[in-house]
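In this text, residue positions in the sequence shown follow our numbering: the first is 113, and each later residue adds one.
We treat Cβ as the ideally placed atom computed from N, Cα and C, and that holds for glycine.
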Amino acid sequence: HPLAAQGFSAPACFSDPPPCSSYCTSDLLASPAVLLPHPTAMALDVSRVIVGAHDEPILCIAFNKQRRELYSGAQDGLVKAWDADTGACVRRLDGHKGWVTALLYYAPYRYLVSCGVDGAIIVWNDKGKEVYRLENLGTLFCMAWGERRKHVILGGNSVVHIYKMHQVSKLNGFAAEDMSAAASEKSKALKHVTSIRAHTDIVRGVACSESGKIFSASYDKCVCVYDSERPKEHYVKYENMHTGAICQLDLDPENNWIITGSYDGSVKIWSHEGRNLDVIDGLADTVTGLCYIPSAQNYWITGKGKRLVAFDPRSPTDITQYVRETSRFDDFSVVRLHQSPNDADLVVGITSGLSHDLVVWRYNPHAAFRVLTGHRDWVEALCVVPTAPGQNEELCSVGSDGLILRWQGSSELNTDLFEIQNEMVGHEGSILCSAYSQDLGMLVTGSDDCTLRLWPVTEAVDSEPAGGIPGEHEDDHGEHEGD
């Protein structure tokens, strides 16, 4: 684990990243990177790492925003509750006889719902007490919440189960003769609505839109879309959505899209009518984790190769290289992802390997949202280049490597990426400072080679400077090699 290299051995098995206040502006600029703020950008920082959360692989996550608790379910059959701020384990829920495959938390009722391969659904209160249990449903693989109709949607072996949740009345206050009435009230925690056998193989993903429309994805390579009012009678089945089994499903409510991940190593974006809108391929292995992040308006993807990928659907562009450092992608071997519907700013990753850890990312308004790399040594100065209205933003960076890099905002619509447009050389030493002259329309740079150089900053930047101004150490004629 990356923390082990730092000598970490705390028994509580959690660690804090350094706070933002521990970095000053000069520290940030004196590095081979350019950090750019953006008024609408969302930066996701690692806020918590819970090391060794379970003895067996972790399969599912849920989050209780009110109590600041994170719930995890694993192959060891346990559900554990963690303090999201300290990383301490506060409860262990032992009710399943096999793998716990899915969790969801419903805040208004303060219920945590778990399901597993033992065919059981268990409803727990937020203090860890079992409220209700249903059994013998067959192996259950996934679960989703439908807010509009208070539906709990479960995926099993070729079947989708739908239950309506009710809040259980407390037993306190019932007389002895009324206990049967209390038990009857308790049985209403989950009421069966329908079961739909629309697939021919394992249902590996279920989801529900704000309008109540239900979606399911299966190893049979199909996606089914169910009517919100009469799902059993009215549904559409889209076949051969991937060349391999579909193992991940999520919704992008911002764009009203369906996102699917498959064993064929691709992620596809669909309309609700089954029209393919885009394909994210080149992932090279089975997609094991997929989530839409509302705060950043992008997708995070991972696979068996344990390599996190960030994708901006607005461009569409792979933005991994721009967020890898800020979100510490390379520090963790993440195989599953969870975005909490109770908190748009929270993302949880599940790692695999010798240690089964939980990595919590949270939106940080003070963090860099992009890291641009291009320099090979310290970045000494930055300078914004004014542009005409409607043109892309530009800036220049200079460094100890003697390079001047001109960065320009991407021309793609709705994206906030910067790319290197020009690399300019001319100084014989480190470049220590720069400024833009509005009157000259030029970039001025100063170097430890004792020269100032003027660079025309126009639509097409020349690779050679306009001229150099010699330093005092040179001869009376102002001659300087290369000028």
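Continuous beta strand (DSSP E) stretch holding residue i: start and end
i, result
"residue 338", "335-338"
"residue 520", "516-521"
"residue 191", "190-195"
"residue 244", "242-246"
"residue 409", "Where residue 409 is concerned, there is no enclosing beta strand (DSSP E), given that its DSSP letter is neither H nor E."
"residue 451", "446-451"
"residue 372", "369-374"
"residue 569", "Careful: residue 569 lies outside any beta strand (DSSP E) and carries neither H nor E."
"residue 307", "302-308"
"residue 562", "First-last for residue 562: undefined, no H or E at that position."
"residue 468", "468-475"
"residue 533", "530-536"
"residue 276", "272-277"
"residue 166", "156-166"
"residue 362", "358-364"
"residue 268", "263-268"
"residue 388", "388-392"
Boundaries of the alpha helix (DSSP H) in which residue i is found, first to last residue
i, result
"residue 350", "Not the alpha helix (DSSP H): residue 350 falls in the beta strand (DSSP E), residues 347-350."
"residue 433", "432-435"
Cβ neighbour criterion (16 or more within 10 Å) applied to residue i
i, result
"residue 304", "exposed"
"residue 360", "buried"
"residue 492", "buried"
"residue 368", "exposed"
"residue 478", "exposed"
"residue 388", "exposed"
"residue 469", "buried"
"residue 574", "Bear in mind that the predicted position of residue 574 carries a pLDDT of just 44, short of 50, making it unreliable; the figure below should be weighed with that in mind. The residue in question, residue 574, is exposed, as its Cβ has fewer than 16 Cβ neighbours within 10 Å."
"residue 181", "buried"
"residue 515", "buried"
"residue 204", "exposed"
"residue 336", "buried"
"residue 393", "exposed"
"residue 508", "buried"
"residue 447", "buried"
"residue 501", "exposed"
Between the CA atoms of residue j and residue i - distance to the nearest angstrom
i, j, result
"residue 346", "residue 338", "6 Å"
"residue 174", "residue 521", "37 Å"
"residue 352", "residue 334", "6 Å"
"residue 403", "residue 540", "48 Å"
"residue 420", "residue 462", "12 Å"
"residue 471", "residue 280", "34 Å"
"residue 376", "residue 417", "13 Å"
"residue 413", "residue 564", "47 Å"
"residue 513", "residue 484", "16 Å"
"residue 185", "residue 171", "6 Å"
"residue 309", "residue 272", "6 Å"
"residue 444", "residue 568", "44 Å"
"residue 147", "residue 199", "Legend: pLDDT at residue 147 = 35, less than 50; position of this residue unreliable, value from coordinates given subsequently. Rounded to the nearest angstrom, the two C-alpha atoms are 30 Å apart."
"residue 537", "residue 438", "29 Å"
"residue 543", "residue 455", "45 Å"
"residue 219", "residue 381", "30 Å"
"residue 278", "residue 427", "42 Å"
"residue 178", "residue 475", "17 Å"
"residue 289", "residue 210", "Residue placement at residue 289 cannot be trusted, given a pLDDT of 43 that sits under 50; the coordinates are not used to answer."
"residue 98", "residue 247", "The structure shown does not extend to residue 98, since the chain is modelled only from 113 to 595, so the question has no answer here."
"residue 430", "residue 391", "12 Å"
"residue 314", "residue 453", "24 Å"
"residue 422", "residue 207", "36 Å"
Same chain only: Cβ atoms within 7 Å of residue i, ignoring 5 sequence neighbours per side
i, result
"residue 374", "354, 356, 357, 358, 359 and 399"
"residue 547", "495 and 556"
"residue 312", "270 and 332"
"residue 549", "556"
"residue 383", "369 and 389"
"residue 169", "186, 187, 464 and 468"
Own chain partners of residue i with C-beta closer than 6 Å, once the 5 adjacent residues on each side are dropped
i, result
"residue 202", "193 and 195"
"residue 450", "173 and 460"
"residue 118", "Unreliable placement is indicated for residue 118, whose pLDDT of 34 sits below 50; the coordinate value is still reported in the next sentence. Result list for residue 118: empty, nothing under 6 Å."
"residue 235", "223, 225, 243, 244 and 301"
"residue 166", "186, 188 and 468"
"residue 386", "350"
Cβ separation of residue i and residue j, assumed to be a contact under 8 Å, to the nearest whole Å
i, j, result
"residue 238", "residue 224", "7 Å"
"residue 231", "residue 249", "5 Å"
"residue 258", "residue 326", "7 Å"
"residue 480", "residue 256", "Actually they are not in contact, since the Cβ atoms of residue 480 and residue 256 sit about 34 Å apart, beyond 8 Å."
"residue 213", "residue 189", "About 11 Å separates the two Cβ atoms, so there is no contact after all."
"residue 254", "residue 191", "About 16 Å; that fails the 8 Å criterion."
"residue 316", "residue 307", "No, residue 316 and residue 307 are not in contact; Cβ-Cβ is about 17 Å, not under 8 Å."
Same chain only: Cβ atoms within 8 Å of residue i, ignoring 5 sequence neighbours per side
i, result
"residue 499", "505 and 506"
"residue 83", "The displayed coordinates of the chain run from 113 to 595. Any statement about residue 83 would go beyond what the structure contains."
"residue 554", "548, 566, 567, 568, 569 and 578"
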